[in-house]
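For the sequence shown, counting from 1, position 255 maps to 254 in numbering that gives the first Met the number 0; every step adds exactly one.
Below is one structure, written out as structure tokens; comments come after it.
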Amino acid sequence: MSPAAGILAGGAVVITGAGSGIGQATARVCAREGAALVVGDLDAARAAETAQGIARAGGRAVPIAGDVADSATHAALAEACLAEFGTLSGWVNNAAFAGGSALVDTDDEAWQRVQAVTLGGTFQGCRRAIAAMPGGGAIVNIASGAGLGAEPGLSAYGAAKAGVIALTRSAAVEYAAQGVRVNCLAPGPIDTPGLAGWVDAFPGGRAGFEAQIPQRRLGRPEEMAETIAFLLSSRASYINGAVLVADGGIHARLASPRPDPS
Ligand SMILES: NC(=O)c1ccc[n+]([C@@H]2O[C@H](COP(=O)([O-])OP(=O)(O)OC[C@H]3O[C@@H](n4cnc5c(N)ncnc54)[C@H](O)[C@@H]3O)[C@@H](O)[C@H]2O)c1
0 MSPAAGILAG
10 GAVVITGAGS
20 GIGQATARVC
30 AREGAALVVG
40 DLDAARAAET
50 AQGIARAGGR
60 AVPIAGDVAD
70 SATHAALAEA
80 CLAEFGTLSG
90 WVNNAAFAGG
100 SALVDTDDEA
110 WQRVQAVTLG
120 GTFQGCRRAI
130 AAMPGGGAIV
140 NIASGAGLGA
150 EPGLSAYGAA
160 KAGVIALTRS
170 AAVEYAAQGV
180 RVNCLAPGPI
190 DTPGLAGWVD
200 AFPGGRAGFE
210 AQIPQRRLGR
220 PEEMAETIAF
230 LLSSRASYIN
240 GAVLVADGGI
250 HARLASPRPD
260 PS
């Protein structure tokens, strides 16, 4: 299929944290589906690498380096999109980091950094995107299963991701009449560099971790990317304020004690 016939043909999409994992896969899928892209990342080299990969595959992508905790980064992302492509139809607030530690061991600085990047960055991205979409558009925020249920060591991250879910619903309700849809994806464990350390430290390593997932495997970044592209597209035209859980069945399972943890 040619990108001209893709579900995002003619659109221009900003993706934060596009230098790795889910963000990078999302950039590739959105380009395949016909969108021009602005790919943001804290790491300039990673953003450039993603953009170069898309250009080699025949797509259009502009890399922008910056920290999503800084509102100037969002201004630069929106300006680049409008200047390069003359439109801004989609925005994916994906950049985040988990920064896990027990609650009493989480100092003020660590707490504030997680909130500033994971929740603050999503707020800043929504504010900038909505202002740049007077005729409507679509935003996808990346939440997490950790925003729906508790995981020891993830109190700061889980609180921020729960905030992403609430922010998504508020933005959807406030701007639906403007034609802006705002949804969030809540991934379960996805096989990305961001998750590698977490899985490796698990008793039994990766195999032990995967044995406890109903689908018996980690999710793939491409699986999240396909879902994000769908939510950005007109195929999802009546989906607004939704929390789409993509976790191989983890959240559906009753968390009651069981003799066999699988
Ligand atoms: N991988 C998982 O299992 C999983 C599960 C649930 C939710 N998520 C969420 O999915 C999103 C992507 O996760 P991933 O696993 O692909 O991560 P990753 O670590 O592989 O990639 C994240 C990218 O974001 C960039 N980034 C980090 N902080 C940034 C900042 N302050 N400003 C700009 N860019 C920044 C990093 O440089 C990196 O390129 C995150 O929101 C994460 O919380 C991931």
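Beta carbons: idealized from backbone N, C-alpha and C, even for Gly.
Owing to the predicted nature of the structure, the values given are computational and were not obtained by experimental measurement.
Item                                                                                                                       : Value
Presumed contact (8 Å Cβ cut-off) between Leu231 and Ala185, rounded CB distance                                           : Rounded, the Cβ-Cβ distance is 16 Å, inconsistent with contact.
Contact test: Pro192 Cβ vs ligand 1 heavy atom, cutoff 7 Å                                                                 : yes
Buried or exposed (CB count within 10 angstroms, at least 16 for buried), Ser19                                            : buried
Proximity of Ser100 and Ala109 at Cβ, strictly below 8 Å                                                                   : yes
Near ligand 1: Asn182 beta-carbon under 7 Å from a heavy atom                                                              : no
Straight-line Cα distance separating Gly33 from Ala159                                                                     : 32 Å
Alpha helix (DSSP H) segment containing Pro220, residue limits                                                             : Pro220 to Leu231
Collapsed DSSP secondary structure at Pro188 in the structure displayed                                                    : coil
Where Ala71 falls: helix, strand or coil (DSSP)                                                                            : helix
Reference Leu266, options Gly89, Phe201, His73 and Ile238, closest by Cα                                                   : Not covered by the structure: residue 266. The range shown for the chain is 0 to 261.
Given Tyr174 as reference, the closest of Thr25, Pro192, Met223 and Gly240 once Cα atoms are compared                      : Gly240
Buried or exposed by the 16-neighbour rule on C-beta atoms within 10 Å, applied to Asp106                                  : exposed
Opposing strand residues paired with Ala11 [DSSP bridges]                                                                  : Ala35
Status (buried if at least 16 other CB within 10 Å, exposed otherwise) for Phe208                                          : buried
Check whether Ala35 and Ala11 have beta carbons under 8 Å apart                                                            : yes
Leu41 beta carbon near ligand 1 (any heavy atom closer than 7 Å)                                                           : yes
Three-state secondary structure (DSSP) of Arg257                                                                           : coil
Same chain, Cβ closer than 7 Å to Pro192, neighbours up to 5 away in sequence not counted                                  : Ser19 and Gly20
Stretch-stretch touch, CB-based, cutoff 8 Å, three pairs: the stretch 70-82 with the stretch 120-129                       : yes
Beta-carbon spacing of Gly247, Ile212 below 8 Å                                                                            : yes
Identified DSSP bridge partners for Asn182                                                                                 : Val139
Phe122 beta carbon near ligand 1 (any heavy atom closer than 7 Å)                                                          : no
Pair within 8 Å by beta-carbon distance, Ala128 and Gly119                                                                 : no
Cut-off 7 Å between Cβ atoms - residues of its own chain near Tyr156, not counting five sequence neighbours on either side : Ala97, Gly98, Gly99, Val113, Thr117 and Ala145
4-residue-minimum alpha helix (DSSP H) runs that sit fully inside the stretch 121-171, ordered along the chain             : none
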